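*Asks:*
Protein chains: 2
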Amino acid sequence: MTDNEVVTTWRELSARHAAIVSDLERELQDRHELGVSEFEVLDRLVEGVCLSADGKFRVQELAAGVSLSQSALSRLIARLEKAGFVLRSMCADDRRGVFVTLTDAGRIRHSEALPTQRRVLREHLASTPQG
Amino acid sequence: MTDNEVVTTWRELSARHAAIVSDLERELQDRHELGVSEFEVLDRLVEGVCLSADGKFRVQELAAGVSLSQSALSRLIARLEKAGFVLRSMCADDRRGVFVTLTDAGRIRHSEALPTQRRVLREHLASTPQG
DNA sequence: ACGCATTAAATGCTTGTGCATTGAATGCAT
DNA sequence: ATGCATTCAATGCACAAGCATTTAATGCGT
Chain A
1 MTDNEVVTTW RELSARHAAI VSDLERELQD RHELGVSEFE VLDRLVEGVC LSADGKFRVQ
61 ELAAGVSLSQ SALSRLIARL EKAGFVLRSM CADDRRGVFV TLTDAGRIRH SEALPTQRRV
121 LREHLASTPQ G
Chain B
1 MTDNEVVTTW RELSARHAAI VSDLERELQD RHELGVSEFE VLDRLVEGVC LSADGKFRVQ
61 ELAAGVSLSQ SALSRLIARL EKAGFVLRSM CADDRRGVFV TLTDAGRIRH SEALPTQRRV
121 LREHLASTPQ G
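The listed protein sequences correspond, in order, to chains A and B. Number 25 in the UniProt record's numbering belongs to position 25 of the first sequence; there are no gaps in the numbering. Number 66 in the UniProt record's numbering belongs to position 66 of the second sequence; there are no gaps in the numbering.
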């Protein structure tokens, strides 16, 4: 792969990403009052319920899925809590940690927003050979 | 392409983009005191010199290449000008427009940063089948 | 020529992000 | 047990981004 090919690939990747994020942001915001990052965190929480026994997550565990700094994630969770979509609770075994749990409202909002996200992603990514 | 495949594709695209931007940001900032967006604008200007007669660009024309809002681009150019990398000048034919031109300092800084950018991109993108 | 909608770019304002720091809890070594 | 480095999450701070608005210039219709 030549440098020029690498640069071209990067620009395509970058442009595609920007276009999708832009669309997602607009649609999720307008229809469900959710930012892309907010939705993604809810999404991880919903997915995780299947995996975890009690549906509790350390903030740290959520960080893995979302590409955000620790501080950004901390504030994002604070916003979600303020909106009533998650609860924060101390964890007994390590009192530095914080458990994040979905509320019913959070689950509902996520389920409402999910089709919108899927639709936007499909519009951009479906029917293209390598994504 | 199923919805699950679409979502998987999106997450990969997203994660890859985040990783590259993160690396680029750190390397360009540490080594050349340039942000990713700053570098990209300089990059478009350098490329454009070959295409345009006088190397002058309307702000609007630059917006096409970079995925930034009009206001963000306006301030970015203001920063570049403050740093001495570009000049802004009125254009005679349409006095609403603004011409942006690279300075020598801008050209030099770009040429210094270019290998760094290429290296980071290569580290991430080279040798992968579909980029 | 005049008014009016339109366009280019800059700016006020709000918000989200990252870096660095802080505060608290943990664990490990002595 | 005590001290010290480490880890988790929150917070102060600075800055960049987007939206909405503003200012200035243009062009079109009458």
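For glycine and all other residues, C-beta sits at the position ideal for the given N, C-alpha and C. All figures in this text were calculated on a predicted structure; none of them were measured in a lab.
1. R118 (chain B) CB to nearest chain A CB: under 8 Å?
2. Can you list, in chain order, the stretches of the alpha helix (DSSP H) that have 4 or more residues and sit fully within the UniProt domain "HTH marR-type" (3 to 131) of chain A?
3. Evaluate the contact criterion for the region 3 to 11 of chain B versus the region 21 to 34 of chain B: three or more CB pairs, one atom per stretch, below 8 Å.
4. Compare the C-beta of A15 (chain A) with all C-beta atoms of chain B and state if any pair is closer than 8 Å.
5. What does the alpha-carbon distance come out to for the pair A64 (chain A) and R44 (chain A)?
6. Please check the pair residue 132 (chain A) and L62 (chain A), which I expect to be a contact at CB under 8 Å, by giving their CB distance rounded to whole angstroms.
7. Buried or exposed for E40 (chain B), please, with buried defined as at least 16 other CB atoms from any protein chain shown within 10 angstroms of its CB.
8. Applying a beta-carbon distance threshold of less than 8 Å, which residues of chain B neighbour V98 (chain A)?
9. In its own chain, which residues sit with a C-beta less than 7 Å from the C-beta of F57 (chain A), not counting the 5 before and 5 after it?
10. Quick one: measure Cβ to Cβ for T113 (chain B) and H32 (chain B), integer angstroms, because I've assumed they're closer than 8 Å.
11. Are the C-beta atoms of V59 (chain A) and some chain B residue less than 8 Å apart?
12. Against chain B, does V7 (chain A) count as a neighbour if the rule is that its beta carbon must be under 8 Å from one of theirs?
13. Mind checking I108 (chain A): buried by the 16 CB within 10 Å criterion, or exposed?
14. In whole angstroms, what separates the C-alpha of E12 (chain B) from that of E38 (chain A)?
15. Determine whether the Cβ of A72 (chain A) lies closer than 8 Å to any Cβ atom of chain B.
16. Give me the chain A residues within the contact set of A18 (chain B), using Cβ-Cβ distance strictly less than 8 Å, ordered along the chain.
17. If you draw a straight line from the C-alpha of D30 (chain A) to the C-alpha of A105 (chain A), how long is it?
18. Quick one: Cα of G97 (chain A) to Cα of V66 (chain A), how far?
19. Straight-line CA distance for A83 (chain B) to S127 (chain B)?
*Replies:* In brief:
1. yes
2. 3 to 32, 36 to 51, 59 to 65, 70 to 82, 104 to 125
3. no
4. yes
5. 10 Å
6. There is simply no residue 132 (chain A) to check, as chain A begins at 1 and stops at 131 in what is shown.
7. buried
8. Near V98 (chain A) there are no residues of chain B at all, since even the closest Cβ is about 24 Å away, more than 8 Å.
9. L45, G48, F99, V100
10. For the sequence presented, residue 113 (chain B) should be read as Ala rather than Thr. Sure, about 4 Å apart at Cβ, within 8 Å.
11. no
12. yes
13. exposed
14. 18 Å
15. no
16. S67
17. 18 Å
18. 18 Å
19. 37 Å
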